[in-house]
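Visitor:
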Amino acid sequence: MDETIKKAQQALDDEKTHLTLKNLLLDWQEADDEPSTWQSSLEAVFDSEKADLFSEVSRERLATLIQQKDLQKRGNVKEVKWLTSGDEDVCETCQEHHGEHYPIDKMHELHPAHEDCRCELEPVLDVDISSEALRDILS
Ligand SMILES: [Zn+2]
Ligand SMILES: [Zn+2]
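Quick note on numbering: numbering that gives the first Met the number 0 labels position 133 of the sequence shown as 132, and the sequence is numbered without any gaps.
#1: Taking 7 Å as the cut-off, does the CB of alanine 62 come closer than this to any heavy atom belonging to ligand 1?
#2: Looking only at its own chain, which residues have a Cβ that is under 7 Å from the Cβ of glutamate 78, when we skip the five neighbours before and after it?
#3: Could you spell out where the alpha helix (DSSP H) holding leucine 11 opens and where it closes?
#4: What do you get for glutamine 67, buried or exposed, if any count of 16 or more other CB atoms within 10 angstroms of its CB means buried?
#5: With glutamate 55 as the anchor, note down where its alpha helix (DSSP H) starts and where it stops.
#6: On a Cα-Cα basis, can you pick out the residue from Thr3, Phe45, His97 that is closest to lysine 21?
#7: So is leucine 133 buried or exposed if we call it buried at 16+ other beta carbons inside 10 Å?
#8: Looking at the secondary structure, which residues open and close the alpha helix (DSSP H) in which valine 44 lies?
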């Protein structure tokens with residue numbers, strides 16, 4: 000695994016860091032700002048070590064790392080389904096992933112497929128776990 004991604008993942012083990020970055024990414028998506036100010040947004044909320052670390056990873060991949068960790072915590076999702084944006088600009092690489100299921104611990108290795116990848120990963124509810132939970136309720 001890429002060393003930078005691994006470090007970013009470890010940094011996100013910290014609950015506060017995780018939440019702060021998540022909120023920052025959400026604000027960012029809404030604001031649609033210039034990429035040049037992303038670094039300063041990071042520096043405004045993190046120490047320089049973390050800001051530098053996160054700035055080395057693309058925002059798409061950071062968002063995937065966040066989503067992955069959130070899903071791991073939920074526990075009722077083991078796989079995600081790859082969905083392209085479904086328009087004519089979807090490239091061949093992304094099209095090959097479309098509709099495929101992947102284990103959640105592989106998410107950050109696969110997604111984004113490239114820079115400016117617009118694909119999304121949809122959580123797939125684990126049928127085994129949910130039917131087990133249902134049995135618990137019924138018994
Ligand atoms: Zn693509
Ligand atoms: Zn894509």
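All residues carry an ideal CB built from backbone N, CA and C; glycine is no exception. Values in this document were obtained by computation on a predicted structure and should not be read as measured data.
Guide: The answer reads as follows:
#1: Answer for alanine 62: no, Cβ out of range of ligand 1.
#2: His100, Tyr101, Pro102, Ile103, Val123.
#3: Careful: leucine 11 lies outside any alpha helix (DSSP H) and carries neither H nor E.
#4: Around the beta carbon of glutamine 67, 16 or more other beta carbons sit within 10 angstroms, so the residue counts as buried.
#5: According to the DSSP assignment, glutamate 55 belongs to no alpha helix (DSSP H), since it is labelled neither H nor E.
#6: Looking at the Cα atoms, Phe45 is the closest of the given residues.
#7: Exposed.
#8: 37-44 is the extent of the alpha helix (DSSP H) around valine 44.
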